[in-house]
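Following my numbering, the numbering of the sequence shown begins with 1 at its first residue and continues without gaps. All C-beta atoms in this analysis are idealised placements derived from N, C-alpha and C, irrespective of residue type, glycine included.
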Amino acid sequence: MKNLVIDIGNSRVKSALFEKHSLVGDHYFSTLEEAVDFWQVMDFQHCLVSSVRFSEVELKEKLPFGFTFLTHDTPTPLINGYSTPRTLGLDRLAAAVGAWKLAGEKPVLAIDMGSCITYELVDDLGVYRGGAISPGMQMRAKAMSHFTAKLPEISLLPPPESDLGDSTLSCMKVGIWSGVRFEMEGFIASYRLKIPEISIYICGGDSQSFESLAKDHIFVVPNLVLHGLNCILNHNVE
Numbered sequence: 001m002k003n004l005v006i007d008i009g010n011s012r013v014k015s016a017l018f019e020k021h022s023l024v025g026d027h028y029f030s031t032l033e034e035a036v037d038f039w040q041v042m043d044f045q046h047c048l049v050s051s052v053r054f055s056e057v058e059l060k061e062k063l064p065f066g067f068t069f070l071t072h073d074t075p076t077p078l079i080n081g082y083s084t085p086r087t088l089g090l091d092r093l094a095a096a097v098g099a100w101k102l103a104g105e106k107p108v109l110a111i112d113m114g115s116c117i118t119y120e121l122v123d124d125l126g127v128y129r130g131g132a133i134s135p136g137m138q139m140r141a142k143a144m145s146h147f148t149a150k151l152p153e154i155s156l157l158p159p160p161e162s163d164l165g166d167s168t169l170s171c172m173k174v175g176i177w178s179g180v181r182f183e184m185e186g187f188i189a190s191y192r193l194k195i196p197e198i199s200i201y202i203c204g205g206d207s208q209s210f211e212s213l214a215k216d217h218i219f220v221v222p223n224l225v226l227h228g229l230n231c232i233l234n235h236n237v238e
């Protein structure tokens, strides 16, 4: 059984082809039109679409094949313990599902490093418990420039070579890079006090810059949300 899963974000379109639970390949597109040209010649049996840009009605006019549209009412293999479940971003939920599945349906913390950094905790009973949301790296850089009179906009690359800046620009860069790393390490340590056997999965646009964190039970999986979407699709097909 081949599944096509599609994640339509504000700036990019991402998709992946799975054979049941195994990833065959993932793909990234600048426009939906470019993606449709690619998808319509693919061989797949089931399709799940998550979109923040288009409604289900709009996509039915744009996509030349049938699909399931992800909503807050779509069943998932996790129990949603969020106190405001309909405010939970579906990409956050998909990241949690993907991490939980890759961890062998055991406790996980999914960290998604996008515009914001989100932390999603799933406990040993398969209950999504929530987590935290903090500013992403680009947001931190822009905030320092925007909310001060003299701090400039900076480029985040290349990463700093140490945790000690020796100029205003390098101090800003160190503050962002090291601040994010220490934040992540702090959340990981805090959640491990609650659930010692927890595994950590890191994804998102900035995740590969933090591969140095990858060690025992910490994994960098950039396409984690796509894995989660496939898990949700399999759950509904089965």
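Min CB distance residue i to chain E below 9 Å
{"i": "Tyr119", "result": "The structure shown contains no chain E, having only a single protein chain."}
Candidates the options: closest to residue i by CA position
{"i": "Leu88", "options": "Tyr201, Leu59, Thr118 and Lys101", "result": "Thr118"}
{"i": "Lys2", "options": "Met144, Phe18, Glu211 and Asp206", "result": "Phe18"}
{"i": "Leu121", "options": "Trp100, Ala141, Met113 and Pro135", "result": "Trp100"}
{"i": "Phe65", "options": "Ser167, Ile188 and Met42", "result": "Met42"}
{"i": "Gly9", "options": "Arg53, Pro222 and Glu185", "result": "Arg53"}
{"i": "Val180", "options": "Arg129, Ile111 and Ala35", "result": "Ile111"}
{"i": "Asp37", "options": "His21, Val13, Gln45 and Leu48", "result": "Val13"}
{"i": "Leu63", "options": "Leu102, Leu48 and Asp73", "result": "Leu48"}
{"i": "Arg140", "options": "Glu185, Pro152 and Arg129", "result": "Pro152"}
{"i": "Phe187", "options": "Asn236, Pro159, Leu109 and Ser178", "result": "Leu109"}
{"i": "Leu70", "options": "Ser22, Pro85, Ser51 and Ser83", "result": "Ser51"}
{"i": "Tyr82", "options": "Pro196, Asp123 and Met172", "result": "Asp123"}
{"i": "Asn234", "options": "Lys173, Thr74, Lys60 and Gln40", "result": "Thr74"}
{"i": "Ser190", "options": "Gly131, Ile79 and Val174", "result": "Gly131"}
{"i": "Pro222", "options": "Val24, Glu211 and Ser30", "result": "Glu211"}
Beta-carbon contacts of residue i that lie in its chain and below 8 Å, excluding the five residues immediately before and after
{"i": "Glu278", "result": "A question about residue 278 goes unanswered here, because the residues of the chain that appear run from 1 up to 238."}
{"i": "Arg192", "result": "Ile198"}
{"i": "Leu239", "result": "The structure shown does not extend to residue 239, since the chain spans only 1 to 238, so no value can be given for it."}
Residue i, enclosing alpha helix (DSSP H) - first and last residue
{"i": "Ala141", "result": "Met137 to His146"}
{"i": "Met113", "result": "Segment Val108 to Met113 is the beta strand (DSSP E) holding Met113; no alpha helix (DSSP H) there."}
{"i": "Glu61", "result": "Glu56 to Lys62"}
{"i": "Ile232", "result": "Leu224 to Val237"}
{"i": "Val97", "result": "Leu90 to Leu102"}
{"i": "Glu33", "result": "Leu32 to Trp39"}
Where residue i falls, given that 16 or more other Cβ within 10 Å makes a residue buried
{"i": "Thr76", "result": "buried"}
{"i": "Ala94", "result": "buried"}
{"i": "Ala143", "result": "exposed"}
{"i": "Leu157", "result": "exposed"}
{"i": "Phe16", "result": "Inspection of the sequence shows that residue 16 is occupied by Ala rather than by Phe. Its Cβ being crowded by 16 or more others within 10 Å, Ala16 is buried."}
{"i": "Arg107", "result": "Checking the sequence, you will find Pro at residue 107 rather than Arg. The residue in question, Pro107, is buried, as its Cβ has 16 or more Cβ neighbours within 10 Å."}
{"i": "Gly136", "result": "buried"}
{"i": "Ile176", "result": "buried"}
{"i": "Lys150", "result": "exposed"}
{"i": "Gly257", "result": "Any property of residue 257 remains undetermined from this structure, which presents the chain solely from 1 to 238."}
{"i": "Leu102", "result": "buried"}
{"i": "Ser207", "result": "buried"}
{"i": "Val220", "result": "buried"}
{"i": "Asp166", "result": "exposed"}
{"i": "Ile79", "result": "exposed"}
{"i": "Asp7", "result": "buried"}
Segment limits, beta strand (DSSP E) that includes residue i
{"i": "Gly25", "result": "Ser22 to Phe29"}
{"i": "Lys2", "result": "Lys2 to Ile8"}
{"i": "Tyr191", "result": "Not the beta strand (DSSP E): Tyr191 falls in the alpha helix (DSSP H), residues Thr168 to Lys194."}
{"i": "Val122", "result": "Cys116 to Val122"}
{"i": "His46", "result": "His46 to Ser51"}
{"i": "Glu153", "result": "First-last for Glu153: undefined, no H or E at that position."}
{"i": "Glu19", "result": "Val13 to Glu19"}
Contact set for residue i: own chain, Cβ-Cβ below 6 Å, skip 5 residues either direction
{"i": "Ile133", "result": "Cys116 and Thr118"}
{"i": "Gly230", "result": "Checking the sequence shown, residue 230 turns out to be Asn, not Gly. Taken in chain order, the residues that qualify are Asn3, Val5 and Phe18."}
{"i": "Phe91", "result": "The amino acid at residue 91 is misidentified as Phe; the sequence shows Asp. Answer for Asp91: Val225, listed in chain order."}
{"i": "Arg129", "result": "Gly81, Leu121 and Asp123"}
{"i": "His27", "result": "Ser15"}
Supposed contact pair residue j and residue i - C-beta distance, whole angstroms, cut 8 Å
{"i": "Ile202", "j": "Met113", "result": "7 Å"}
{"i": "Gly228", "j": "Val97", "result": "4 Å"}
{"i": "His21", "j": "Val237", "result": "In fact, because the Cβ distance is near 12 Å, the residues do not count as touching under 8 Å."}
{"i": "Met172", "j": "Ile154", "result": "5 Å"}
Spatial neighbours of residue i in its chain, beta-carbon cut-off 7 Å, leaving aside the 5 residues before and after
{"i": "His217", "result": "Ser199 and Ile200"}
{"i": "Phe44", "result": "Lys2, Asn3, Leu4 and Leu17"}
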